[in-house]
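Protein chains in written order, with the working numbering: chain X, 4 to 386; chain V, 4 to 386.
This is the structure we're talking about:
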């Protein structure tokens, strides 16, 4: 149920001392092959962290032998020194594993704008290299946690091959991606091109469809590595399906553990004229603070849903809009529908359905409510 | 210091019983002429309330004799019945004032998705018509309050003429406009065309530059009326200047009374390649929940500022970005600058300056922090 579920991978997670808490903070995932195909999707934030700049370069040839990840510091907005530090981390990891630094992906997460304590980090990498294990996936997943309350892992097993993964991320969850680090592994026999296409398609409808707080991070990385160790050749469609399933599982876990959230909100936009329209409408609702506060207060305030929809450029007629919250049709044809008091918002999971009556496309986005705990966690994070 | 500061206007604010609190909830502002020029700026939300639809129509000929405003219900998302109710309100007001219903602007504010109790409202209008007074501006300003904690009025006096105004709005403050109702009056002798141009230019750099919570309402209306009662002819530039001053004053008051806010945050983006770029960057910061939580927590977390800037399409190079918070240069050239602990965030007013080093344009947007009180007010509003 982790990155070490597929054959050909070893992983570890150790305590280097980057986190004041003394918890695990350095992780390694190593691909022992025979293949070393790799692909990644990165944040689209133009202020990208040094590890993202480095890792983009590593992935240009579709190969990676290992990924080293640290929590306890994002190494973002750290200038030239930050990039040098990432390079040093890759070199140190490469030396410990006897591979080329140019095949080592680096991921960092934590506070922005602080340099990493490099001696602590490189010492931790040495320990992590010594701790690599075929069953090390769970420890690695722990080591990438920041404000996450639980480690997130997933896996699916097919006939003779599998896909596994780990993820972290609790705040700054927004398209594209989040303060999200994800490593997906597979022992399928595939090509670098198929792996890249499968990962892109899988993230498009999973990680790109969760939006906890509308904030996009500087460090997001979703990395996929294929070892070929199962010996089973898999076509692109099957590979995409399996990776999507693992990504969807982890995306749902991220929303379920979002900072301070009390409700997980599934926003389904039906009968949109296009996928783009549906996505714009769903995201507009997902980012509406007033709506998110209302759900926290167990108030089925559908007027705020309509007010959010009205700010989009999507095709629809206001007098045709329908809104249901947890199966109660609170808004019909742009006006008052069933009694809002019928809506039960006691459960953690909330479903909001908006019918645009403008086409045949459907889009789902997951978000969270906006709570006192979110304010608390995010007003005190760096202090 | 209100809508009745300029000559030629009477106003009133009375208790009709729309608000459970028993506070004033129906206001009238009447233009006694000799001119009845009027212009307005409305919400760009496509889900617009019935009064907005009505009032757009009223203003097409550049004339309005009166405006009737109610709190205690927005009459938004209320379908055909809602529009009929607005029409009835205008007819009733027109009869009480002996004017044409087609010259009566209607504004409503309060909860979305509920029909107004029309008997209560029309009875209130009758009382309000009887209470009209040359000094009634303050009472009118009280009657349009919702979650506002103070009434907002302003006025400027020039040589022989003046501009006055009242405003309400505390949440859903965002471009374009907010849950904002504003009435601006002047006794200048002008034309309908000049009044329209002056209002549009004045709102562009005032109400359109405040963004409390990124949420745009269905009811926003900024109405200007000119009586010509001063007998002083005023050119467009002077009129624009005076209206801008009144609007800027009230916009600042709206931010200062935004729901649950502890800090008023001035975001100044310097050296942008264009006004559009500067505005996109400023709004991106103003809508970043993590940044707004950090300010609430008195944490000068400049990394969140950079992460917000990085999501825009504005022209800039990440390694050139400078950020100052309350005059401390916490970020220089995209990296660590002065020690963040030097930043004092004890005062209510916070200034964030971002230098894009990409041009010569400057844009200022005002926003608020995101606090426990905001969550509390907005999770319990309709219940």
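Note that CB positions come from ideal geometry on N, CA and C, so glycine has one too.
Every value quoted in this text rests on a predicted model; they were computed, and no experiment measured them.
Straight-line Cα distance separating residue 160 of chain V from residue 307 of chain V | Looking at the two C-alpha atoms, the distance is approximately 43 Å.
In its own chain, which residues sit with a C-beta less than 6 Å from the C-beta of residue 49 of chain X, not counting the 5 before and 5 after it?
-> There are no such residues.
Report yes or no: do the stretch 110–126 of chain X and the stretch 66–84 of chain X share at least 3 C-beta pairs separated by less than 8 Å?
-> The stretch 110–126 of chain X makes contact with the stretch 66–84 of chain X: 3 or more CB pairs, one atom from each, lie closer than 8 Å.
Can you tell me which of X:185, X:349, X:322, X:111 puts its alpha carbon nearest to the alpha carbon of residue 302 of chain X?
-> With distances taken between Cα atoms, residue 302 of chain X lies closest to X:349.
Taking only the alpha-carbon atoms, compute the straight-line gap between residue 255 of chain X and residue 166 of chain X and give it to the nearest angstrom.
-> In this structure, the alpha-carbon of residue 255 of chain X lies about 17 Å from that of residue 166 of chain X.
By how many angstroms is the C-alpha of residue 31 of chain V removed from the C-alpha of residue 345 of chain V?
-> Between residue 345 of chain V and residue 31 of chain V, the C-alpha separation is close to 50 Å.
CA-CA distance, residue 314 of chain V and residue 192 of chain V?
-> Straight-line measurement puts the Cα of residue 192 of chain V at about 47 Å from the Cα of residue 314 of chain V.
What residue does the beta strand (DSSP E) around residue 13 of chain X start on, and which one ends it?
-> Residues 12–17.
8 Å contact criterion, which residue 41 of chain X and residue 228 of chain X should meet: CB distance rounded | Between residue 228 of chain X and residue 41 of chain X the Cβ distance is about 5 Å, and since that is below 8 Å, they are a contact.
Proximal residues to residue 258 of chain X (C-beta, below 7 Å), its chain only, five neighbours per side dropped | The residues are 213, 215, 267, 369, 371.
For residue 274 of chain X, which three-state DSSP category applies?
-> Three-state DSSP puts residue 274 of chain X in a strand.
Can you tell me which of V:286, V:332, V:323 puts its alpha carbon nearest to the alpha carbon of residue 304 of chain V?
-> The shortest Cα separation from residue 304 of chain V among V:286, V:332, V:323 belongs to V:332.
Any chain X beta carbon closer than 8 Å to residue 337 of chain V | Taking Cβ atoms only, chain X reaches closer than 8 Å to residue 337 of chain V, which makes this a yes.
Would you tell me roughly how many angstroms separate the C-alpha atoms of residue 8 of chain X and residue 363 of chain V, rounded to the nearest one?
-> In a straight line, the C-alpha of residue 8 of chain X is about 55 Å away from that of residue 363 of chain V.
Who pairs with residue 335 of chain X in a beta bridge, going by DSSP?
-> Per DSSP, the beta bridge partners of residue 335 of chain X are X:338.
Taking all protein chains shown into account, decide if residue 95 of chain X is buried (16 or more other Cβ within 10 angstroms of its Cβ) or exposed.
-> In the assembly as shown, residue 95 of chain X is a buried residue. Its beta-carbon has 16 or more other beta-carbons within 10 Å.
List the residues that DSSP assigns as beta-bridge partners of residue 40 of chain X.
-> Note: residue 40 of chain X sits in a beta bridge opposite X:66, X:229.
Let me know the secondary structure DSSP gives residue 218 of chain V once reduced to three states.
-> Annotated three-state conformation of residue 218 of chain V is coil, per DSSP.
Check whether the Cβ of residue 50 of chain X lies closer than 8 Å to any Cβ atom in chain V.
-> Chain V contact via Cβ: present.
Buried or exposed: which applies to residue 104 of chain X, given that a residue is buried once 16 or more other Cβ atoms fall within 10 Å of its Cβ?
-> Buried: at least 16 other Cβ atoms inside 10 Å.
Where the stretch 65–82 of chain V meets chain X: residues whose CB sits under 9 Å from a CB there | Result list: 77, 79, 80, 81, 82.
Let me know if residue 316 of chain V comes out buried or exposed under the rule of 16 or more other beta-carbons within 10 Å of its beta-carbon.
-> Counting the other Cβ atoms within 10 Å of the Cβ of residue 316 of chain V gives fewer than 16, which makes it exposed.
Cutoff 8 Å; reference residue 230 of chain V; Cβ partners in own chain excluding five residues on either side = Cβ within range, chain order: 9, 10, 11, 12, 34, 35, 36, 37, 38, 39, 188, 189, 190.
Under 7 Å by beta carbon: chain X residues contacting residue 312 of chain V = Under the 7 Å cutoff, chain X gives 50.
Could you have a look at residue 177 of chain X and say whether DSSP puts it in helix, strand or coil?
-> With a pLDDT of only 48 at residue 177 of chain X, under 50, the local geometry of the prediction cannot be trusted, and no value is derived from it.
Alpha carbon to alpha carbon, how far is residue 347 of chain V from residue 383 of chain X? Give it in angstroms, no decimals.
-> When rounded, the distance between both Cα atoms is 16 Å.
Residue-chain proximity (residue 23 of chain V, chain X), Cβ-Cβ < 8 Å = Residue 23 of chain V does not count as touching chain X.
So what's residue 308 of chain X in DSSP terms, helix, strand or just coil?
-> Three-state DSSP puts residue 308 of chain X in a helix.
Ends of the alpha helix (DSSP H) at residue 250 of chain X?
-> In the DSSP assignment, residue 250 of chain X falls within the alpha helix (DSSP H) that extends over 239–259.
Give every residue of the same chain whose Cβ lies closer than 6 Å to the Cβ of residue 295 of chain X, excluding the five residues on either side of it in the sequence, and list them in chain order.
-> Cβ within range, chain order: 372, 373.
Cβ neighbour criterion (16 or more within 10 Å) applied to residue 109 of chain X = Under this definition residue 109 of chain X is a buried residue.
Reducing DSSP to helix, strand and coil, say where residue 369 of chain X ends up.
-> In this structure, DSSP gives residue 369 of chain X an extended state, which the three-state scheme calls strand.
Where residue 198 of chain X falls: helix, strand or coil (DSSP) | DSSP, read as helix, strand or coil, puts residue 198 of chain X in helix.
Counting only the same chain and skipping the five closest in sequence on each side, list residues whose C-beta sits under 8 Å from that of residue 309 of chain X.
-> Hits under 8 Å: 321, 324, 326, 334, 337.
Collapsed DSSP secondary structure at residue 32 of chain X in the structure displayed = If DSSP states are grouped into helix, strand and coil, residue 32 of chain X belongs with the strands.
Give the single residue among X:209, X:136, X:125, X:98 whose Cα lies nearest to the Cα of residue 247 of chain X.
-> Taking each of X:209, X:136, X:125, X:98 in turn and checking the Cα distance to residue 247 of chain X, the smallest one comes out for X:209.
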